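Read the structure below first, then the notes.
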Amino acid sequence: MRLIFSASILVGSILFLAGCGGSSGGAATVAPPAHIYVGDPGNGRIIRMDDMNGTGWTVKTGAEGGGTAFGTVSLDFAVDSQGRIYVADAGNSRIVRYDSFTSTTATSFGTQGTGVNQLHWPVGIAIDSQDRIYVADYQNDRIVRINDITGAGWTTFGSNGTGTNQFNGIHGIALDSQGRIYAADAFNDRIVRIDDMTGANWTTLGSTGSGVGQFGSPVALQITPAGKLLVADRSGRVIETGLMSTTGWTEFAENTAQFAFMDGQGKVYTVNQNDDVVHRFDSMTSGSPTLFGSTGAGTNQFHSATWIYAGP
């Protein structure tokens, strides 16, 4: 089993994670996001706050209402058209859905394995315009699509390898406004795009390196509100570029970047490996970020934060 996640509480060489899930993109908005969400797996919880001061700090552990607590790695998060939230609970090899962030009733899908209705370290999740669920199934090196949380319409694509229709350490997953599927193929140092779950029009971007058009373990990706590609690369970079092209390639240094997310105002939120502080940059070229958090298990504290989103 080849693990690459970053959470310091885990044993092994762990790199991280996760796709920039969420819905399929769309028109940009200039309104500030209502909330910021942070995956805090070292403390077995997800945090919601209103701003980078920690206002409105709210905790979700998965154990509310007698439910099963999140594992020590919850690696991605998405919201569907009805406002329901989904958590890729990698440590428990399942997807968990709540009707809202404050809901105490959970519906889960998946057990550990390689077969139908089974997942092994789901690290990325995205929701399309039909509220179908796409999962980056890391240990199985495949994309899974299901129609809903019951597992109806189970469909898979991909296998382990370096060639066409293959992944090696699949991490992030995202969808564009046309419904095309993007995946961060970490150990192959590339981004993959396919038109649908048959693998039609397989297209790749990237090779190994640190220059323009190159990656060193891309682990999280997002289709930004402006329709560009945002990538967190474990070589220590956050990159914005055209969809499957190097047009407009812009990057900034971010030590062991694990996750990056751009809001409708163009602000970029990031977390780094084993860093208990979350960062917000005013733009891709703004320089020094706003910082929030410290090490711990209390209010305004994190333990190995792994992902961050800003939204409703």
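The sequence shown lines up with residues 1380 to 1691 when you count with this note's numbering.
Cβ coordinates follow ideal geometry from the N, Cα and C atoms, glycine included.
Treat the numbers as computed from the prediction; the structure is a model and nothing was measured.
Next on the checklist: Whole angstroms are fine: how far does the CA of residue 1622 sit from the CA of residue 1591?
Outcome noted: Roughly 14 Å separates the two Cα atoms.
Checklist entry - By Cβ distance below 6 Å, which residues in the same chain neighbour residue 1516 in space, the five residues on each side in sequence not counted? => result Residues of the same chain with a CB within less than 6 Å of the CB of residue 1516, apart from the 5 flanking positions on each side, are 1498, 1501 and 1523 in chain order.
Next on the checklist: Applying the 10 Å Cβ sphere with the 16-neighbour rule, what's the burial state of residue 1493?
Outcome noted: Flag for residue 1493 reads exposed.
Checklist entry - With which residues is residue 1468 paired in a DSSP beta bridge? => result Its beta-bridge partners are 1473.
Item to check | With 16 other Cβ atoms within 10 Å as the buried cut-off, status of residue 1680 | outcome: Around the beta-carbon of residue 1680, 16 or more other beta-carbon atoms lie within 10 Å, marking it buried.
Next on the checklist: Distance check for residue 1596 and residue 1360, CA to CA, integer angstroms please.
Outcome noted: Because the chain spans 1380 through 1691 in this model, residue 1360 falls outside it and cannot be assessed.
Item to check | Bounding residues of the beta strand (DSSP E) (the contiguous stretch that carries residue 1601) | outcome: For residue 1601, the enclosing beta strand (DSSP E) has its first and last residue at 1597 to 1602.
Checklist entry - Which of the three DSSP states, helix, strand or coil, is assigned to residue 1406? => result At residue 1406 the pLDDT is 38, less than 50, meaning the model places this residue with poor confidence and gives no usable figure here.
Checklist entry - Given a threshold of 16 other Cβ atoms within 10 Å of its Cβ, counted over all protein chains shown, does residue 1655 qualify as buried or as exposed? => result Residue 1655 should be labelled buried.
Next on the checklist: DSSP three-state label for residue 1686, please.
Outcome noted: Correct three-state label for residue 1686: strand.
Checklist entry - Cα separation between residue 1462 and residue 1545? => result Going from the Cα of residue 1462 to the Cα of residue 1545 covers about 33 Å.
Checklist entry - Are residue 1560 and residue 1573 touching if we call contact CB-CB under 8 Å? => result It is a contact, given that the beta carbons lie within the stated cut-off.
Item to check | Cβ-based neighbour list, residue 1481, same chain, cut-off 6 Å, excluding 5 preceding and 5 following | outcome: So the list is empty, once near-sequence residues are dropped.
Next on the checklist: Please report the distance separating the alpha-carbon of residue 1531 from that of residue 1525.
Outcome noted: It is roughly 6 Å from the alpha-carbon of residue 1531 to the alpha-carbon of residue 1525.
Checklist entry - Is residue 1619 helix, strand or coil when you go by DSSP? => result In the three-state reduction of the DSSP assignment, residue 1619 falls in the strand class.
Item to check | Given residue 1673 as reference, the closest of 1666, 1684, 1663 and 1665 once Cα atoms are compared | outcome: Here the closest residue by C-alpha is 1684.
Item to check | Cβ-based burial, residue 1411 [other Cβ within 10 Å; buried from 16] | outcome: With fewer than 16 other Cβ atoms within 10 Å, it is exposed.
Checklist entry - residue 1631 and residue 1663: beta carbons closer than 8 Å? => result Contact flag set, yes.
Checklist entry - What are the residues that DSSP puts in a beta bridge with residue 1416? => result As DSSP reads the structure, residue 1416 sits in a beta bridge with 1427 and 1688.
Next on the checklist: Can you find the residues in the same chain that come closer than 6 Å, C-beta to C-beta, to residue 1477, ignoring five residues on each side of it along the sequence?
Outcome noted: Answer for residue 1477: 1464 and 1485, listed in chain order.
Checklist entry - residue 1428 and residue 1659: beta carbons closer than 8 Å? => result Cβ atoms of residue 1428 and residue 1659: not closer than 8 Å.
Next on the checklist: I'd like the list of long-range same chain contacts for residue 1473, defined as Cβ closer than 8 Å, with 5 residues on each side in sequence excluded.
Outcome noted: 1487, 1488, 1489, 1490, 1498 and 1501.
Item to check | Between the CA atoms of residue 1589 and residue 1614 - distance to the nearest angstrom | outcome: Answer to the nearest angstrom: the Cα atoms are 7 Å apart.
Checklist entry - Does DSSP classify residue 1567 as helix, strand or coil? => result In the structure shown, residue 1567 sits in a helix (DSSP, three-state: H, G or I).
Next on the checklist: Let's test the definition: count the other Cβ atoms within 10 Å of the Cβ of residue 1599 and tell me whether it reaches 16, buried, or not, exposed.
Outcome noted: Taking all protein chains in view, the Cβ of residue 1599 is crowded by 16 or more other Cβ atoms within 10 Å, so the residue is classified as buried.
Item to check | Identified DSSP bridge partners for residue 1528 | outcome: Within the DSSP bridge table, the entry for residue 1528 names no partner.
Checklist entry - Roughly how many angstroms separate the alpha carbons of residue 1413 and residue 1441, rounded to a whole number? => result Computed Cα separation, rounded: 22 Å.
Item to check | Residue ranges of each alpha helix (DSSP H) within the region 1626 to 1672, 4 or longer | outcome: For the region 1626 to 1672, not a single whole alpha helix (DSSP H) run of length 4 or above is found.
Item to check | Cα-Cα separation, residue 1434 to residue 1415 | outcome: C-alpha separation (whole angstroms): 10 Å.
Item to check | Selected residue, minimal CA-CA separation from residue 1689, among 1678, 1642, 1539 and 1466 | outcome: In this structure, 1642 is the residue among 1678, 1642, 1539 and 1466 with its C-alpha nearest to the C-alpha of residue 1689.
Checklist entry - Mind checking whether residue 1629 and residue 1619 have CB atoms under 8 Å apart? => result Going by C-beta atoms, residue 1629 is nearer than 8 Å to residue 1619.
Checklist entry - If you run the structure through DSSP and keep just helix, strand and coil, what is residue 1590? => result Coil, per DSSP.
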